[in-house]
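Line by line, the protein sequences are chains A and B.
Sequential numbering from 4 applies to the first sequence in my numbering.
Sequential numbering from 27 applies to the second sequence in my numbering.
Where is the CB? At the ideal position from N, CA and C, for every residue including glycine.
All of these numbers come straight from a predicted model, not from anything done at the bench.
Taking it in order: structure first as structure tokens, then the write-up.
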Amino acid sequence: MKRTLILSAAIAGLLAASVYAFADIAKPKPSPAARQPVFYTGLTVTTDAKSYEARLQISQETLKRIQEAAARNGEDLSMTQRIVHSSSRTMIAGVFMFLAVSFAGVWFARSKQRRPHKVFASVLLVAIVLGVATVLVRANAGPPGYIRWQNLPQALKDGKATSGGVDIEIVPGDDNIKLIIPLRKS
Amino acid sequence: MERAENIGVATWSRRSTRDRAGISTRSFAAILIIAACLSAAIASWLPLQASIVTVFLFAGPHNWFEARYFLMRLPARFGRSRNFFVLAFAGIGGLTAAYMSLPVLYYTNVWSAANWPDLIAGWNTMMLLWISALVLIRGRQKAQRDWFWIIPTACVLCSLNWLGPELFSLAIVYVHPLVALWFLERHLQRTKPEWLVVYRRCLMILPLLVLGMLWQLSRSPSLNDDNGLFWRITQHAGAQLLPSVSSHMLVSTHVFLEMMHYGVWIVALPLIGATGAIWNVKTIPIASHSRGFPKLICAFLICGLLAVAGLWAGFSANYTLTRDIYFTVAMAHVLAEAPFLLRMV
Numbered sequence: 004m005k006r007t008l009i010l011s012a013a014i015a016g017l018l019a020a021s022v023y024a025f026a027d028i029a030k031p032k033p034s035p036a037a038r039q040p041v042f043y044t045g046l047t048v049t050t051d052a053k054s055y056e057a058r059l060q061i062s063q064e065t066l067k068r069i070q071e072a073a074a075r076n077g078e079d080l081s082m083t084q085r086i087v088h089s090s091s092r093t094m095i096a097g098v099f100m101f102l103a104v105s106f107a108g109v110w111f112a113r114s115k116q117r118r119p120h121k122v123f124a125s126v127l128l129v130a131i132v133l134g135v136a137t138v139l140v141r142a143n144a145g146p147p148g149y150i151r152w153q154n155l156p157q158a159l160k161d162g163k164a165t166s167g168g169v170d171i172e173i174v175p176g177d178d179n180i181k182l183i184i185p186l187r188k189s
Numbered sequence: 027m028e029r030a031e032n033i034g035v036a037t038w039s040r041r042s043t044r045d046r047a048g049i050s051t052r053s054f055a056a057i058l059i060i061a062a063c064l065s066a067a068i069a070s071w072l073p074l075q076a077s078i079v080t081v082f083l084f085a086g087p088h089n090w091f092e093a094r095y096f097l098m099r100l101p102a103r104f105g106r107s108r109n110f111f112v113l114a115f116a117g118i119g120g121l122t123a124a125y126m127s128l129p130v131l132y133y134t135n136v137w138s139a140a141n142w143p144d145l146i147a148g149w150n151t152m153m154l155l156w157i158s159a160l161v162l163i164r165g166r167q168k169a170q171r172d173w174f175w176i177i178p179t180a181c182v183l184c185s186l187n188w189l190g191p192e193l194f195s196l197a198i199v200y201v202h203p204l205v206a207l208w209f210l211e212r213h214l215q216r217t218k219p220e221w222l223v224v225y226r227r228c229l230m231i232l233p234l235l236v237l238g239m240l241w242q243l244s245r246s247p248s249l250n251d252d253n254g255l256f257w258r259i260t261q262h263a264g265a266q267l268l269p270s271v272s273s274h275m276l277v278s279t280h281v282f283l284e285m286m287h288y289g290v291w292i293v294a295l296p297l298i299g300a301t302g303a304i305w306n307v308k309t310i311p312i313a314s315h316s317r318g319f320p321k322l323i324c325a326f327l328i329c330g331l332l333a334v335a336g337l338w339a340g341f342s343a344n345y346t347l348t349r350d351i352y353f354t355v356a357m358a359h360v361l362a363e364a365p366f367l368l369r370m371v
């Protein structure tokens, strides 16, 4: 009993101290607002020895989609962005996931005596297969976008085309169209 | 006195259905396959037009047939199922009222648009918890069955719902038409078991058709939704939530599933006698029972027919507005399917 009381007091003390520790955290500096891409599409950079002027060719359909995306001001969030957009919703989702795992454990314990072990072995096997598959899927994730642009200088010299993804951003001001290629020094 | 637990036996008359549906198993399979292929072709070819025509013609009648079918499955006396039905009707009423109030909250700016997904997630959670409670109650009535698995399953679904509330709602839009196929399966199991194997084999063609549609239409250009009606149809199919997916593919898939849904309720189930003779209320337990309400049921069905006619008139006068109202109010029939399907499981 005495030991429990001491442990409880120690835990309560630690919890109380954590409040002060939180209070000592400096207020975060407001970070500059990151520029939000309004649209993602593909881009091909190619050369033409016969042309006198650089040309930017946009298909009608792509232009229409860019206009629509610009009108929405980049509110077309991707699925991942939607999920990470709201921390409160993510927390509630986490609570439900915790409850799901907990209740699944209760169900497993309740039905262990009644159901054949083969069923649980099958479920476990499926879970392992799915887990391994997830690892494989992640391993098969595409390379980062800048990889596609690494050979651009050489391709330009050789007169070959290079294709990759491009985020279209609407920036303030009246400057020329700017293409920023993510070339990394090797 | 007819008890709820006996209602299945009382109304699943094999003889009458055999007499009514005088078609062979092969004919049944052929009708199913031809109907599915034809629906997929029309939905892929003219998705917007097919959506307009399908909803105009069949939305109201399918609700009427569905209501009549549910009345047939409703026991005259609830008996041991009282709690189940009380919760079922309270849920249908409460959730439908809450769903109908969502547009009101939106247009009156009572709820911030930024937090709109929270509201949708809350409603979806309530619906999932309601269905879980129904499953648990139903599970208690089944001997040798432990339906406790519904709780972790519901929690997983709630979690997914809170991660993407709008996507979860969109999933309901696509999953709901398939519930009709489950109803048909349960009904065949009891009244036409000899058709069941063929039916299940025929169902395997559905994913193939859907995959074929997705493969064929995934690269097709998005539909021109420059007018209010076309925009609503594409939004209903999820074009705004999935901007990188061709709206043609989304609308076609949704229209195909809707056509199958309407086909089951208006053609397949009446064909095998599941709804009884539509003009005969004696096939409805709460009307035919000695302490039943035949006049009330008659009035309800006649009012339903008038509502169908009213819906057609509304579609003719202002299709867009009527469609919006219909799909809001029609949430009631989506919810009603859950308890009645559970009664058949």
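Relative to residue 168 of chain B, the option among B:128, B:252, B:107, B:93 whose CA is nearest is B:107. By the neighbour-count criterion, in which 16 or more other beta carbons inside 10 Å mark a residue as buried, residue 89 of chain B falls on the buried side.
Per DSSP, residue 330 of chain B is one residue of the alpha helix (DSSP H) stretching across 320-343.
Put simply, the CB of residue 65 of chain A is far from chain B, with every gap to its CB atoms at 8 Å or more. Proximity of residue 338 of chain B to chain A, defined by a Cβ-Cβ separation below 8 Å, is not satisfied.
Shown here, residue 44 of chain A sits in a strand according to DSSP, grouped into three states. Between residue 208 of chain B and residue 214 of chain B, the beta carbon gap of about 11 Å keeps them out of contact (Cβ cut-off 8 Å). Taking CB atoms only, residue 189 of chain B has a neighbour in chain A less than 8 Å away. Against chain B, the beta carbon of residue 44 of chain A has no neighbour under 8 Å; the closest one sits roughly 10 Å away.
Of all residues in the region 147-168 of chain B, the ones placed with a Cβ closer than 7 Å to any Cβ belonging to chain A are 147, in chain order. Within chain B, the residues whose beta carbon sits less than 7 Å from that of residue 102 of chain A are 181, listed in sequence order.
Distance from residue 289 of chain B to residue 346 of chain B at the Cβ level is roughly 25 Å; contact not present, criterion being Cβ atoms closer than 8 Å. In this structure residue 251 of chain B is not in contact with residue 270 of chain B, their Cβ atoms being roughly 16 Å apart against a cut-off of 8 Å.
The region 181-192 of chain B and the region 90-104 of chain A touch, with three or more beta-carbon pairs separated by less than 8 Å.
Under DSSP, no beta-bridge partner is assigned to residue 78 of chain B. Assigned with DSSP and collapsed to three states, residue 134 of chain B falls in coil, not helix or strand.
The beta carbon of residue 96 of chain B sits closer than 8 Å to those of 362, 366, all from its chain and outside the five residues before and after it, given in chain order. Counting C-beta pairs with one atom in each stretch, the region 255-267 of chain B and the region 193-208 of chain B have three or more that are closer than 8 Å, which means they touch.
Judged by pairs of C-beta atoms under 8 Å, the region 122-133 of chain B touches the region 146-154 of chain B, as three or more such pairs exist. Interface criterion not met: the Cβ of residue 173 of chain A is under 8 Å from no Cβ in chain B. Neighbours of residue 95 of chain A across chain B, judged by C-beta separation under 7 Å: 188.
Straight-line measurement puts the Cα of residue 315 of chain B at about 40 Å from the Cα of residue 65 of chain B. Taken in chain order, the whole beta strand (DSSP E) runs of length 3 or more contained in the region 141-205 of chain B number zero. Between the alpha carbons of residue 338 of chain B and residue 91 of chain B lies a distance of about 16 Å.
Identification of chain B residues near residue 112 of chain A by a Cβ-Cβ cut-off of 9 Å yields none; the smallest Cβ-Cβ distance measures about 10 Å.
Less than 8 Å divides the Cβ of residue 174 of chain B from the Cβ of residue 113 of chain A.
When rounded, the separation of the alpha-carbon atoms in residue 47 of chain A and residue 78 of chain B is 40 Å.
Listed in chain order, the non-local C-beta contacts of residue 307 of chain B below 8 Å within the same chain comprise 313, 314, 320, 323, 324, 327, local neighbours out to five positions each way being set aside.
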